[in-house]
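Asker: For the sequence shown, numbering that gives the first Met the number 0 begins at 0 and goes up steadily by one.
Below you will find the structure I want to go over with you.
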Amino acid sequence: MRRNFLLVLLLSAIGLHAQNNDAKMKTFVDALMKKMTLDEKIGQLNLLTPGGGVATGAVVNPDVESKIRAGKIGGLFGVIGVDKIRQAQELAVNGSRLKIPLIFGSDVIHGYKTTFPIPLALSSSWDIPMIERSARVAATEATA
0 MRRNFLLVLL LSAIGLHAQN NDAKMKTFVD ALMKKMTLDE KIGQLNLLTP GGGVATGAVV
60 NPDVESKIRA GKIGGLFGVI GVDKIRQAQE LAVNGSRLKI PLIFGSDVIH GYKTTFPIPL
120 ALSSSWDIPM IERSARVAAT EATA
């Protein structure tokens, strides 16, 4: 009896399939795009460096908080620390009109907290185990 029940249960599961949410997602995105102003759409293309760390680019942008509230920033680059990331994300999700979350990026190409030589220099050493160790350290630091 139990075996038959399990067999019926297994056979009935074969007919189940994942639901396709593409139409639902398209409707959501289309509605969001219609709500957005041109400035907000352009703002989603901006990836700013808020400062407070080591600036790797030419511009360190002041007054990031007001730009997040206005929906004029799509992401932040070089924010170090979970608390700072959470604070910025909280501001974007709860403090902006459309509540669009931010994207965060970091330059980890030659280390995160520990700085290693650039990949071209590492590859010139031909020391594959050392190259792998440096990449592992950078990945561990960036995800910790």
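Ideal Cβ placement from N, Cα and C applies to all residues, glycine included.
Since this is a predicted model, take the numbers as computed values, not measurements.
Please classify N3: does DSSP put it in a helix, a strand, or coil?
Answerer: Along the sequence shown, read from residue 1 onward, the residue named residue 3 stands at position 4. Residue state, collapsed to three classes: helix.
Asker: If I measure Cβ to Cβ from L44 and keep anything under 8 Å in the same chain, skipping five residues before and after, which residues do I get?
Answerer: To locate residue 44, count along the sequence shown from 1; it is residue 45. Same-chain partners within the cutoff: G73.
Asker: Once you ignore the five residues that flank I102 on each side, which residues in its own chain have a CB closer than 7 Å to its CB?
Answerer: Mapped onto the sequence shown, residue 102 falls at position 103. Hits under 7 Å: G73 and G74.
Asker: Could you tell me which whole alpha helix (DSSP H) segments of length 4 or greater appear in the stretch 53 to 105?
Answerer: Here the runs fully enclosed are 63 to 68 and 81 to 94.
Asker: List the endpoints of the continuous alpha helix (DSSP H) containing G42.
Answerer: As a first step, residue 42 must be located in the sequence shown, where it is residue number 43. It spans L37 to G42 - the alpha helix (DSSP H) in which G42 sits, taken as one unbroken run.
Asker: Whose C-beta lies closer than 7 Å to the C-beta of G104 among residues of the same chain, with five residues either side of it excluded?
Answerer: Stepping through the sequence shown from its first residue, residue 104 is reached at position 105. Only L46, G74 and F76 meet the Cβ criterion.
Asker: Report the rounded CA-to-CA distance for D82 versus Q88, giving the unit in angstroms.
Answerer: Position 83 of the sequence shown holds residue 82. Position 89 of the sequence shown holds residue 88. For D82 and Q88, the distance between alpha carbons rounds to 10 Å.
Asker: May I have the straight-line CA-CA distance separating M129 from G80, to the nearest angstrom?
Answerer: Residue mapping note: residue 129 aligns to position 130 of the sequence shown, counting from 1. Residue mapping note: residue 80 aligns to position 81 of the sequence shown, counting from 1. Taking the straight line joining both Cα atoms gives about 27 Å.
Asker: To the nearest angstrom, report how far apart E131 and H109 are at their CA atoms.
Answerer: One-based indexing of the sequence shown puts residue 131 at position 132. One-based indexing of the sequence shown puts residue 109 at position 110. Rounded to the nearest angstrom, the two C-alpha atoms are 12 Å apart.
Asker: Can you tell me which of G94, Q86 and M35 puts its alpha carbon nearest to the alpha carbon of R68?
Answerer: As a first step, residue 68 is located in the sequence shown; it is residue number 69 there, counting from the start. With distances taken between Cα atoms, R68 lies closest to G94.
Asker: Please classify E140 as buried or exposed, where buried requires at least 16 neighbouring CB atoms within 10 angstroms.
Answerer: The residue you call residue 140 lines up with position 141 of the sequence shown. Counting Cβ neighbours within 10 Å, E140 comes out exposed, since fewer than 16 surround it.
Asker: Enumerate in chain order the residues of its own chain whose CB-to-CB distance from V92 is below 7 Å, with the five nearest sequence positions on each side excluded.
Answerer: For the purposes of this step, residue 92 is taken as residue 93 along the sequence shown, with counting starting at 1. Cβ within range, chain order: K98 and P100.
Asker: Identify every residue that forms a DSSP beta bridge with T114.
Answerer: Taking the sequence shown and counting its residues from 1, the one referred to as residue 114 is at position 115. Bridge partners of T114: G110.
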